Amino acid sequence: MSYSQAKSEEPTSSSLIPRAHLLKFLLPSLMGVLLFLVPFQVGDSINIGMGLMADGLQSLLGAALPAIALCVLCLSVIVTLYVKVAKPGWAQQGHFKDMFDVGAIWVALRILGAIFVIMTFFQFGPEVVTASYTGGVMLNDLAPVLLTFFFFAALLLPFLVEFGFMEFIGTMVRKPFRVIFNLPGRSTIDATASWMGSGTVGVLITAQQYEQGYYNGREASVIATNFSVASIAFSLLVTNFVEINHLFVQFYFTVVVSGLMAAVIVSRIPPLSRKSDDYYEPVGCQLSEERTENVGLFRYSLLQATRRAAGAPGPKELARLALLNVIDIFLTLLPLVFAIGTVALILAEFTPLFTWLSYPMVPVLELLRIPEAQAAAPATLVGFADMFLPAVLATNIESELTRFVIACLSMTQLVYMSEIGALLLKSKIPIKFWELAVVFLLRTAITLPIIAFMAHTFFF
């Protein structure tokens, strides 16, 4: 039974839910919740089930992961050029056409990403590319995480999004999310997956939901740029790195409060508020928002979920889609991440660009009574290149209050080009580079005063 067929059945208060449909909703969804939304403590670290699997694979492959990344990026360029030149029949329609028959800019970025990785791996060429804090960060620090995390995310996300869990939660919390954020309730899953796992997982969920017709263009843009927060595990890493781990509870409380307030405001002002409410054209709107009279909220949510589960793909189709997702992410996303991320890190580390851009931030920080404003100013903007760079700059700052503010700010800005930005630009979500930059600046302008106020008033 297809989802459209299952969806056509009108619910009533006396509707009986077939046990098979209920189990098909409950069991895979429970697996998805355990994999993506439930944190586990292992030793001194906290992680989600999928994260533990990714860490295990990363430990198993170890030093081979940079070499695997090298092979993946070279393969991406070879296949892309072959498709552009030879135009084989298998790449003239469907998924492979979307992946490899791309425009000149995307071809150039894939080639650039491969060149950067080759130079860094074999350590030849300009130091600005091969240095440990530019190309080295991308190849040796980021690549192992992305390869393993994206591998399991692509394989396991169907448990969370294909069997009705999104429909159940989305219907249950639809009204408050519409009132507060003007978003569908199912976006709570994106946010929770980000908090517990990774912001990239949240973006992957959002992109898939948009391409399947469950978010319109505005909703997908708002969710991806305001709810794809960094995970608790990464938050712990940042606080430890800037030596404020004894303030973690205060830190995370500040991040959550300022981040939610920014989401409320940014979603209602340009450029996001002017985004079209059109759905992805190939599929149209697949979301039912109308509730039949005399059906309680919980029961209606359950009916929506079991309908979705009844129309879910079978094991073979799920395996095929998962494999296509892995190929898509590895051969089309990773080259983009390496190209954009390396360029962003070069600009941050080898040019005074972010220092120049941050000059207006010095009087702002002084107005907010932030010590060492001159040293802290670049850290307020360098996060657009990579989320971890503000923490790196903050280690040279003596004031604990300033390190606290910079760490909180880096977690609430959300849009960074080395990963989230590259993923969004590659996705079908209708958002442009300049819009990402504007959202980054808006979130900075909104959250910085809130963070400073909370730090001065409650914690320092």
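So in UniProt numbering, spot 258 of the sequence shown is number 258, and the numbers just go up one at a time. Glycine included, C-beta positions come from ideal geometry on N, C-alpha and C. This structure is a prediction, so every number in the text was calculated from the model and none was measured.
Length of the line joining the Cα atoms of residue i and residue j
i	j	result
V72	L331	6 Å
Q250	S29	33 Å
G296	V161	23 Å
L112	S427	19 Å
I397	I406	10 Å
N325	V364	44 Å
L367	G51	41 Å
L37	Q413	22 Å
F433	L425	7 Å
N140	L22	45 Å
A63	Q304	46 Å
I329	F150	7 Å
M138	V145	10 Å
F122	I115	11 Å
I327	L204	14 Å
L247	L236	10 Å
Q58	G284	39 Å
R110	A20	46 Å
C-beta contact flag for residue i and residue j at 8 Å
i	j	result
Q374	V362	yes
I429	A220	yes
V415	F384	yes
A67	V117	no
I340	M387	no
D101	V83	yes
T200	I169	no
G259	V222	no
L381	F354	yes
L401	F453	no
S358	P371	no
L272	V264	no
L155	L65	no
T447	L389	no
Burial state of residue i, where buried means 16 or more other Cβ atoms lie within 10 Å
i	result
D44	exposed
K97	exposed
Y215	buried
I180	exposed
T395	exposed
I105	exposed
I244	buried
W356	exposed
E317	exposed
A262	buried
T444	buried
Q208	buried
K275	buried
D190	buried
Cβ-Cβ separation, residue j to residue i (assumed contact under 8 Å), whole Å
i	j	result
Q286	G185	The pair is not a contact, with the Cβ atoms about 15 Å apart (cut-off 8 Å).
G164	F25	4 Å
G300	T171	A small fix is needed here, since residue 300 is Tyr in this sequence, not Gly. Indeed they touch by this definition, with Cβ atoms about 6 Å apart.
L302	F159	Wrong, their Cβ atoms sit about 18 Å apart, outside the cutoff.
M119	V129	5 Å
A224	T206	5 Å
**OP:** Go through the region 9-44 residue by residue and report every complete run of the beta strand (DSSP E) that reaches 3 residues or more, in order.
**Re:** 39-42
Subject >> Sequence ranges, beta strand (DSSP E) only - wholly within the region 208-238, length at least 3 >> reply: none
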